[in-house]
Amino acid sequence: MRQYQVQLLERMQAARTNSGARVNQLGVLIGAERFLLDLTQAGEIVPIPPVTVVPLTQPWYLGLANIRGNLVGLIDFARFQGGAETVTGPDSRVVTLATHLGFNCGLLVARVYGLRHAGDMEVVGDRLRDTDANEWIPLDLAALVTDARFLHVGF
Numbered sequence: 001m002r003q004y005q006v007q008l009l010e011r012m013q014a015a016r017t018n019s020g021a022r023v024n025q026l027g028v029l030i031g032a033e034r035f036l037l038d039l040t041q042a043g044e045i046v047p048i049p050p051v052t053v054v055p056l057t058q059p060w061y062l063g064l065a066n067i068r069g070n071l072v073g074l075i076d077f078a079r080f081q082g083g084a085e086t087v088t089g090p091d092s093r094v095v096t097l098a099t100h101l102g103f104n105c106g107l108l109v110a111r112v113y114g115l116r117h118a119g120d121m122e123v124v125g126d127r128l129r130d131t132d133a134n135e136w137i138p139l140d141l142a143a144l145v146t147d148a149r150f151l152h153v154g155f
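All residue numbers for the sequence shown refer to full-length UniProt numbering, where the first residue is 1 and numbers rise by one.
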């Protein structure tokens, strides 16, 4: 138990100082692609809540959802990138963005794979390949919320 507490404390300190942020990441499936999200940029992982459609918005903007009393814009990132819509199922979740990014939004993910150790992966162009030959795309959520196209959800 003591060892677990020490490891947990080390992880929390690394997250606060951003050291190790590029090493341990959250693996998710969005559309047909595997993505790695920086743990310091990801917030909660929640089941898909009821969504209220907002008229006159982009097809990738699914609408607003109430997550723990906060209105959160729900984004289908696969559609945002020009792909097919994310097919939802029992493993589908919403990953909210960290509050320090200042953007109440969540990404629809088809599946959450859990923590991945990016330091053990091989760099292949702009992707990472794990020991099982799965390719992962690093997704910088802080850069995403500064993208002008992402910020304009209306037509």
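The C-beta atom is built at its ideal place from N, Cα and C for all residues, glycine as well. Bear in mind the structure is a predicted one, so any value in this text is a computation, not a measurement.
Classification of residue i by the beta-carbon crowding that lies within 10 angstroms, buried from 16 upward
i: Arg-68; result: exposed
i: Val-72; result: buried
i: Cys-105; result: buried
i: Thr-146; result: exposed
i: residue 201; result: There is simply no residue 201 to check, as the chain begins at 1 and stops at 155 in what is shown.
i: Phe-155; result: exposed
i: Gly-114; result: exposed
i: Leu-56; result: exposed
CA nearest to the CA of residue i, picked from the options
i: Gly-83; options: Ser-92, Pro-59 and Leu-74; result: Pro-59
i: Ala-143; options: Leu-37, Asp-130, Val-51 and Asn-134; result: Leu-37
i: Ala-133; options: Val-124, Leu-139, Leu-141 and Asn-70; result: Val-124
i: Leu-74; options: His-100, Leu-128, Val-94 and Asp-130; result: Val-94
i: Leu-151; options: Phe-77, Leu-128 and Arg-129; result: Phe-77
i: Ala-148; options: Arg-34, Phe-80, Gly-31 and Glu-33; result: Phe-80
i: Val-53; options: Leu-26, Gly-27 and Asn-66; result: Asn-66
i: Ile-137; options: Leu-56, Ala-32 and Asp-126; result: Asp-126
i: residue 226; options: Leu-101, Val-112 and Gly-102; result: Nothing about residue 226 can be read from this structure; the chain reaches only from 1 to 155.
Sequence-distant residues of the same chain with beta carbon closer than 6 Å to residue i, five excluded per side
i: Tyr-61; result: Val-153
Beta-carbon separation (whole angstroms), residue i vs residue j, contact threshold 8 Å
i: Leu-97; j: Leu-29; result: Not confirmed; about 18 Å, so no contact.
i: Ile-45; j: Thr-88; result: About 14 Å; that fails the 8 Å criterion.
Bounding residues of the beta strand (DSSP E) (the contiguous stretch that carries residue i)
i: Leu-26; result: 24-30
i: Arg-129; result: 127-129
i: Leu-115; result: 111-117
i: Ala-142; result: Ala-142 -> not in any beta strand (DSSP E); alpha helix (DSSP H) instead, spanning 141-144.
i: Leu-37; result: 33-38
i: Ala-65; result: 61-67
Endpoints, alpha helix (DSSP H) assigned at residue i
i: Arg-79; result: 77-80
i: Ala-98; result: Premise fails: Ala-98 is in no alpha helix (DSSP H) and is neither H nor E.
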